[in-house]
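Below you'll find the structure, written out as structure tokens, and then a few comments.
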Amino acid sequence: MAFLRFIHFFAFIFWYGTLLYFTLIQAPLLFKSLPREMFGLVQSKLFPAYYLISYICGTLLVVTYHLLHPLKNYVSQDCVKITALCLMLLFSLGQGLWIGPQVAKLRLERQAAGEKKDETAAEKLKIEFGKAH
Numbered sequence: 051m052a053f054l055r056f057i058h059f060f061a062f063i064f065w066y067g068t069l070l071y072f073t074l075i076q077a078p079l080l081f082k083s084l085p086r087e088m089f090g091l092v093q094s095k096l097f098p099a100y101y102l103i104s105y106i107c108g109t110l111l112v113v114t115y116h117l118l119h120p121l122k123n124y125v126s127q128d129c130v131k132i133t134a135l136c137l138m139l140l141f142s143l144g145q146g147l148w149i150g151p152q153v154a155k156l157r158l159e160r161q162a163a164g165e166k167k168d169e170t171a172a173e174k175l176k177i178e179f180g181k182a183h
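Heads up: the sequence shown is residues 51 to 183, going by this note's numbering.
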């Protein structure tokens with residue numbers, strides 16, 4: 051039981067630590083320090099690892115929560131907690147498997163349109179990128 055609690059706690063801390071680091075430190079620092087195209091390229095290389103951490107930690111949290119709190123003993127607060135964990139994992143999966151690839155594709159298309167000096171296409175793609183991002 052102590053090992054499961056450790057894994058659960060570690061997954062929680064690691065996931066949130068990664069989230070906070072990427073959101074509050076790494077992304078703003080790189081955004082201020084790099085040209086836009088380079089920033090997008092660096093982020094596109096970092097995001098797969100970020101999403102993988104989310105998938106692993108989220109799965110560990112859901113599984114260890116179920117093992118630590120058997121379903122037959124659930125009370126209302128357990129339902130809220132496991133629902134929140136499942137939603138967090140679901141949103142991470144959606145971001146990494148659906149939204150992220152769409153944004154990466156739009157970034158590349160926008161960059162290609164800019165290189166071709168196609169201002170109309172670049173502006174349209176910029177709007178789409180903003181909506182998807």
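Every residue gets a Cβ at the ideal spot worked out from N, C-alpha and C, and that includes glycine.
Predicted, not measured: the structure shown is a model, and the values here were computed from it.
Contact check for G150 and Y101: beta-carbon distance about 7 Å, within the 8 Å limit, so the pair qualifies. Rounded to whole angstroms, the separation of the alpha carbons of F60 and A134 is 18 Å. When secondary structure is reduced to three states using DSSP, D128 falls in the helix class.
Taking 8 Å as the cut-off, the Cβ atoms of S83 and S142 do not count as close.
Within a 10 Å sphere around the beta-carbon of W65 sit 16 or more other beta-carbons, which makes this residue buried.
DSSP places Q152 in the uninterrupted alpha helix (DSSP H) bounded by 150-165.
If the five residues before and after H58 are omitted, its C-beta is found closer than 6 Å to the C-beta atoms of T114, all from its own chain and listed in chain order.
Each residue's CA atom was taken as its position, placing P120 and M51 some 12 Å apart. The distance from the Cβ of G108 to that of L139 is about 3 Å, consistent with a contact at the 8 Å cut-off. About 6 Å separates the Cβ atoms of F62 and L111, confirming a contact at the 8 Å cut-off.
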